[in-house]
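Trainee: Under my numbering, read the sequence shown as residues 4 to 819, first letter to last.
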Amino acid sequence: MIILVILTIWASFAYTVANAQLNSYKIAGKIFTPENKPAYAATILLIRVTDSSIVKIGQANSDGSFLFEALHHGYYKVSISFTSFQNYSSGIIHVDSLMQSIELPEIILHANAKSLQEVKVVSKKPFIEQKIDRTVVNVSAMISSAGSNALEVLEKLPGVVVDQNGNISFKGKSGVMILVDGKPTYLSGDNLSSYLKSLQASQLDQVELMTNPPAKYEATGNAGVINIKTKRSTIKGLSGSFAASVGKSRMWRTNESFAITYRKKKINLFANAAYSVQNSYRKLSLQRNYFDIAGDLSSVYKSVAFFKPTTYSENIKTGMDYYVSPKTSIGFVFTGSLSSGSVRNPGNGTLYNATGAIDSTIIADNKTKNKFNNGGINLNYSHQFDSLGKTITFDLDYIKYKANSDQSFLNNVFNSSGALKNSQLITDDLPAAIAIYSSKTDYNQPLKNKAQVEAGLKSSYVSTDNAANYYTYQNNIPGIDYNFTNQFLYKENINAAYLNFRKEQKRISFQAGLRFENTNVKGHQLGNPQHPDSNFTQHYTDLFPTGFLSYKLDSAGLHLVKLSYGKRIDRPYYKDLNPFVTIVDKFTNFSGNPYLKPQHTENYELTYSYKSILSVSFAYSHTNNYQVETIRQQGDIFISSTSNLGSRTYKAINASVTFDPAKWWNCNVYTEAVNLSFKSILFNNYLSTQKTYYYIETNNQFTLPKNWGIQLSGFYITRRISGQFNLDAKGAMNIGVQKRLVKNKVSIRLTASDILRTNFSSGSISNITGATSTYHNDFDSRMINLGFSYNFGKPVKSIRKRNTGSSQPEQNRIKN
Numbered sequence: 004m005i006i007l008v009i010l011t012i013w014a015s016f017a018y019t020v021a022n023a024q025l026n027s028y029k030i031a032g033k034i035f036t037p038e039n040k041p042a043y044a045a046t047i048l049l050i051r052v053t054d055s056s057i058v059k060i061g062q063a064n065s066d067g068s069f070l071f072e073a074l075h076h077g078y079y080k081v082s083i084s085f086t087s088f089q090n091y092s093s094g095i096i097h098v099d100s101l102m103q104s105i106e107l108p109e110i111i112l113h114a115n116a117k118s119l120q121e122v123k124v125v126s127k128k129p130f131i132e133q134k135i136d137r138t139v140v141n142v143s144a145m146i147s148s149a150g151s152n153a154l155e156v157l158e159k160l161p162g163v164v165v166d167q168n169g170n171i172s173f174k175g176k177s178g179v180m181i182l183v184d185g186k187p188t189y190l191s192g193d194n195l196s197s198y199l200k201s202l203q204a205s206q207l208d209q210v211e212l213m214t215n216p217p218a219k220y221e222a223t224g225n226a227g228v229i230n231i232k233t234k235r236s237t238i239k240g241l242s243g244s245f246a247a248s249v250g251k252s253r254m255w256r257t258n259e260s261f262a263i264t265y266r267k268k269k270i271n272l273f274a275n276a277a278y279s280v281q282n283s284y285r286k287l288s289l290q291r292n293y294f295d296i297a298g299d300l301s302s303v304y305k306s307v308a309f310f311k312p313t314t315y316s317e318n319i320k321t322g323m324d325y326y327v328s329p330k331t332s333i334g335f336v337f338t339g340s341l342s343s344g345s346v347r348n349p350g351n352g353t354l355y356n357a358t359g360a361i362d363s364t365i366i367a368d369n370k371t372k373n374k375f376n377n378g379g380i381n382l383n384y385s386h387q388f389d390s391l392g393k394t395i396t397f398d399l400d401y402i403k404y405k406a407n408s409d410q411s412f413l414n415n416v417f418n419s420s421g422a423l424k425n426s427q428l429i430t431d432d433l434p435a436a437i438a439i440y441s442s443k444t445d446y447n448q449p450l451k452n453k454a455q456v457e458a459g460l461k462s463s464y465v466s467t468d469n470a471a472n473y474y475t476y477q478n479n480i481p482g483i484d485y486n487f488t489n490q491f492l493y494k495e496n497i498n499a500a501y502l503n504f505r506k507e508q509k510r511i512s513f514q515a516g517l518r519f520e521n522t523n524v525k526g527h528q529l530g531n532p533q534h535p536d537s538n539f540t541q542h543y544t545d546l547f548p549t550g551f552l553s554y555k556l557d558s559a560g561l562h563l564v565k566l567s568y569g570k571r572i573d574r575p576y577y578k579d580l581n582p583f584v585t586i587v588d589k590f591t592n593f594s595g596n597p598y599l600k601p602q603h604t605e606n607y608e609l610t611y612s613y614k615s616i617l618s619v620s621f622a623y624s625h626t627n628n629y630q631v632e633t634i635r636q637q638g639d640i641f642i643s644s645t646s647n648l649g650s651r652t653y654k655a656i657n658a659s660v661t662f663d664p665a666k667w668w669n670c671n672v673y674t675e676a677v678n679l680s681f682k683s684i685l686f687n688n689y690l691s692t693q694k695t696y697y698y699i700e701t702n703n704q705f706t707l708p709k710n711w712g713i714q715l716s717g718f719y720i721t722r723r724i725s726g727q728f729n730l731d732a733k734g735a736m737n738i739g740v741q742k743r744l745v746k747n748k749v750s751i752r753l754t755a756s757d758i759l760r761t762n763f764s765s766g767s768i769s770n771i772t773g774a775t776s777t778y779h780n781d782f783d784s785r786m787i788n789l790g791f792s793y794n795f796g797k798p799v800k801s802i803r804k805r806n807t808g809s810s811q812p813e814q815n816r817i818k819n
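Here's what the structure looks like:
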């Protein structure tokens with residue numbers, strides 16, 4: 004993996020340096036209005052005549068001048084667009100060794116006779132735009148977007164990582180909030196992955212990346228927000244897409260998806276559906292060393308467990324928009340998903356005494372059957388008061404989750420001579436139900452001199468009901484195990500309000516916001532014949548300020564500096580608050596923590612960017628009551644739970660470079676250096692750890708003749724820490740080949756992931772009283788996948804964006 008990264012960077016810059024002299028051709032010119040005024044900030048496209056592709060994008064300087072440098076010899080045309088003026092297209096410009104530097108005659112734009120409402124700007128946007136509070140990626144400007152789906156688009160964006168299970172992280176932080184058109188997806192895990200695969204890149208307009216979201220967005224989530232904005236069709240009739248893929252690792256996987264849109268007059272109908280079958284494999288190797296009070300080794304436990312899950316998932320998203328008038332619309336969105344499956348979990352473990360002799364052996368045969376279903380409906384209303392952007396929106400959401408898990412744990416224990424010592428059978432039934440009610444309203448008021456005020460209200464109510472029914476067997480007769488059996492009820496109400504102001508000037512832009520959130524919590528664990536009732540309540544109110552400042556270092560805004568600050572909160576997962584114990588295996592349990600507190604984080608970030616080529620950021624954050632998995636020992640059993648650590652400090656520098664070493668080669672390199680430190684009192688011991696790790700990823704797109712394409716990507720991350728966990732280094736290299744057919748409507752792609760089999764999850768666990776532990780997870784990450792996609796109907800043109808749903812933060816706290 005390191006070799007791939009080094010070769011990519013070396014080859015890219017070597018190519019650029021070696022050709023610096025050969026590719027010194029230039030095209031320059033000046034643009035004026037009929038009044039002989041410079042056409043400042045006019046958009047200029049340099050187009051290659053042979054294939055009509057856009058070579059470079061620029062803007063006119065304050066004196067109307069522009070310059071395109073480092074060109075290859077060939078035939079070009081210049082296309083110019085400027086608001087209120089007719090588009091301009093030059094004749095063919097021939098650049099060769101005899102005409103290395105070409106100065107075009109002065110270009111005079113002609114006023115557009117059409118009304119402003121009829122003006123259509125046809126220029127294409129750059130790949131990346133830097134806004135004061137977010138980075139905007141224009142999907143249509145991505146070289147490799149044709150034939151891709153939304154998940155594949157995300158993994159090509161700087162700082163975004165999609166692992167082999169479809170989990171998404173952003174700039175080294177997991178738990179990022181994913182929105183589609185500002186609305187919740189109502190999905191997580193494999194269901195979210197399947198849904199994103201059902202969205203074709205041709206349906207996408209932009210992707211907004213927000214490391215520090217403004218006050219309009221919920222304060223939940225330290226990893227930020229990724230908002231996928233889709234195009235909306237203004238063309239009457241039917242359009243859509245179909246995609247299917249089959250993959251082979253140790254076992255087979257399939258995924259099929261379908262998306263369709265139909266628009267007629269004032270009604271727009273849309274639907275997405277997906278179905279997948281996932282057969283996975285994981286091998287977990289553990290070693291635990293136990294010590295006596297004097298610190299001497301007393302015993303060693305080694306085990307190997309195999310997880311072989313099969314999951315069937317179906318999800319659907321459908322809805323309608325009705326345009327009451329050109330400025331008013333109402334709509335609804337229905338989402339649903341069904342997931343069922345089973346897991347076979349055989350394993351064996353051996354217990355050794357202090358001298359290394361075998362004490363006993365355990366043969367385990369654990370089985371699980373599970374279901375996870377959800378359905379939700381969103382009602383929305385949007386009204387635009389005038390042409391300046393004064394708007395108001397309303398959203399109502401209701402979501403219902405139901406889950407059930409039936410498990411059996413069979414453990415046979417043999418003595419050192421191999422004779423059966425004892426046999427234990429435990430079964431359980433774990434039903435769960437979650438209901439979410441949410442409402443919100445947002446108001447936007449433009450002011451004079453490029454200023455704007457936003458305000459909004461939100462209220463949500465969540466109710467959860469989790470039960471655990473455990474049974475032990477004596478002579479094949481089940482009996483209730485009251486040590487584990489219980490029921491937990493949880494209710495939560497959050498009320499919020501926000502105010503946000505922003506102002507743009509010639510070079511300076513600033514934005515400030517404040518969000519108020521009031522939280523009310525009540526938990527109740529029902530008793531049983533052996534354990535009494537217990538309950539708790541929490542009430543707390545927080546203020547979350549945000550601030551942004553950007554400054555253009557030059558008049559064209561090519562060099563931009565941004566500074567941001569924000570305060571965030573991460574509330575516990577509902578499942579983690581459940582106080583009862585869940586059996587994982589004979590020597591491992593999971594225990595909830597009803598006293599788990601929300602974590603609060605303050606984020607600071609300073610960013611410099613140059614066009615859409617280079618971005619460098621310095622980030623600092625400090626988190627109090629950091630939530631993380633912890634391990635403690637109780638007898639021979641390791642108990643895993645989520646706990647609050649005193650503090651976590653995050654310091655990072657990251658850089659992203661996107662450039663074209665050749666006209667057929669697009670390269671993106673993202674790298675970061677992160678220092679993490681943790682300080683806390685943990686299980687009566689003082690925890691103080693810190694470590695710096697490095698991460699690098701590269702994504703290379705090669706555009707070949709006859710609509711062929713190749714993608715080569717990979718990542719590498721060094722050793723790092725997370726609370727008690729010391730994580731080993733890992734990496735992966737991936738390759739893909741694509742062929743586009745039928746005017747890019749059909750795409751066939753063959754991909755191979757983790758081809759060197761280096762993407763393992765392993766490490767050690769520290770600060771366990773009387774014990775140490777190491778682990779190694781071997782996933783089926785090496786996979787070959789064959790995919791097919793077909794887009795039908797007329798091309799999509801973009802209109803208004805959909806309203807923002809109101810329940811995404813609550814749904815993000817649900818664990819499958």
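Beta carbons are placed, not taken as given, at the ideal position from N, Cα and C, and that holds for glycine.
Exposed or buried, what is Q514 when buried is set at 16 or more other beta-carbons lying within 10 Å of its beta-carbon?
Mentor: buried
Trainee: Rounded to a whole number of angstroms, what is the C-alpha to C-alpha distance between V183 and L107?
Mentor: 44 Å
Trainee: Measuring straight from C-alpha to C-alpha, what distance separates Q89 and G61?
Mentor: 18 Å
Trainee: For Y28, does the count of other Cβ atoms within 10 angstroms reach 16, so buried, or fall short, so exposed?
Mentor: Buried, since its Cβ has 16 or more Cβ neighbours within 10 Å.
Trainee: Taking its Cβ as the centre, do 16 or more other Cβ atoms sit within 10 Å of I95, making it buried, or is it exposed?
Mentor: exposed
Trainee: Would a check of beta-carbon distances place A500 closer than 8 Å to chain D?
Mentor: Any reference to chain D falls outside this structure, which holds one protein chain only.
Trainee: Which same chain residues end up closer than 8 Å to F820 when comparing Cβ atoms and leaving out the 5 residues on each side of it in sequence?
Mentor: Residue 820 lies beyond the range of the chain shown here (4 to 819); nothing can be said about it.
Trainee: Report the residue from T264, T522 and L300 whose alpha carbon sits nearest the alpha carbon of A276.
Mentor: T264
Trainee: Helix, strand or coil: which one does DSSP assign to V122?
Mentor: In this prediction, V122 has a pLDDT of 40, which is less than 50 and means its spatial position is unreliable; nothing more can be read from the coordinates.
Trainee: Put D545 into one of helix, strand or coil per three-state DSSP.
Mentor: strand
Trainee: For K614, tell me which candidate among N687, G638 and D557 has the shortest Cα-Cα distance.
Mentor: D557
Trainee: Going by Cα to Cα distance, which pick from V619, S537 and R518 is closest to H562?
Mentor: V619
Trainee: Can you give me the Cβ contacts of I684 inside the same chain, cut-off strictly under 7 Å, excluding the 5 residues immediately before and after it?
Mentor: G649
Trainee: Less than 8 Å between the C-beta atoms of Q541 and V524, yes or no?
Mentor: yes
Trainee: Leaving aside the five residues before and after I616 along the sequence, list all residues of the same chain whose C-beta is less than 8 Å from its C-beta, in chain order.
Mentor: V660, T661 and F662
Trainee: Using 10 angstroms around the beta-carbon of Q714, count the other beta-carbons present and answer buried if the total reaches 16, otherwise exposed.
Mentor: buried
Trainee: Does D573 pass the burial test, meaning 16 or more other C-beta atoms within 10 Å, or should it be called exposed?
Mentor: buried
Trainee: Taking only the alpha-carbon atoms, compute the straight-line gap between K393 and I135 and give it to the nearest angstrom.
Mentor: Taken atom to atom, the span from the alpha-carbon of K393 to that of I135 is near 21 Å.
Trainee: Mapping the DSSP letters down to three states, classify K320 as helix, strand or coil.
Mentor: strand
Trainee: Roughly how many angstroms lie between the CA atoms of N415 and T645, to the nearest whole one?
Mentor: Their backbone Cα atoms lie some 30 Å apart in a straight line.
Trainee: Would you kindly work out how many angstroms separate the C-alpha atoms of Y485 and S765, rounded to a whole number?
Mentor: 35 Å
Trainee: What residue does the beta strand (DSSP E) around V183 start on, and which one ends it?
Mentor: M180 to V183
Trainee: DSSP state of D579, grouped into three classes?
Mentor: helix
Trainee: Can you list, in chain order, the residues of its chain with a C-beta nearer than 7 Å to that of Y697? Leave out the 5 residues immediately preceding and following it.
Mentor: A676 and T721
Trainee: On the DSSP letters alone, give me the boundaries of the beta strand (DSSP E) that L207 sits inside.
Mentor: L207 to M213
Trainee: Which complete beta strand (DSSP E) runs does the segment 391-473 hold, if anything under 3 residues is left out?
Mentor: Fully enclosed beta strand (DSSP E) runs of 3 or longer: 394-418 and 423-450.
Trainee: How about F491 and F583: do their beta carbons lie closer than 8 Å?
Mentor: Going by C-beta atoms, F491 is nearer than 8 Å to F583.
Trainee: Could you work out which residue in L580, Q602 and K600 is closest to N593 when comparing CA atoms only?
Mentor: This sequence places Phe at residue 593; Asn is not what is there. Among L580, Q602 and K600, the Cα nearest to that of F593 belongs to L580.
Trainee: Please go through the same chain and pick out, in chain order, the residues whose beta-carbon is closer than 6 Å to the beta-carbon of G712, but skip the five residues on each side of it.
Mentor: T706 and Q741
Trainee: Might you give, ordered along the chain, the residues of its own chain that have their beta carbon closer than 7 Å to the beta carbon of G344, omitting 5 neighbours on each side?
Mentor: P312, T313, T314, Y315 and N373
Trainee: Can you find at least 3 beta carbon pairs, one from the segment 769-786 and one from the segment 283-291, that sit closer than 8 Å?
Mentor: With a cut-off of 8 Å on Cβ pairs, the segment 769-786 is in contact with the segment 283-291, counting three or more such pairs.
Trainee: Assign K159 to one of three DSSP states: helix, strand, or coil.
Mentor: coil
Trainee: Rounded to whole angstroms, what's the CA-CA distance from N628 to K174? Just pull it up for me.
Mentor: 21 Å
Trainee: Could you give the DSSP three-state label for L599: helix, strand or coil?
Mentor: Shown here, L599 sits in coil according to DSSP, grouped into three states, outside any helix or strand.
Trainee: List the whole-angstrom C-beta distance separating D208 from K234, where the pair is believed to meet the contact cut-off of C-beta under 8 Å.
Mentor: 5 Å
Trainee: Grouping DSSP H, G and I as helix and E and B as strand, with all else coil, what is V3?
Mentor: Any property of residue 3 remains undetermined from this structure, which presents the chain solely from 4 to 819.
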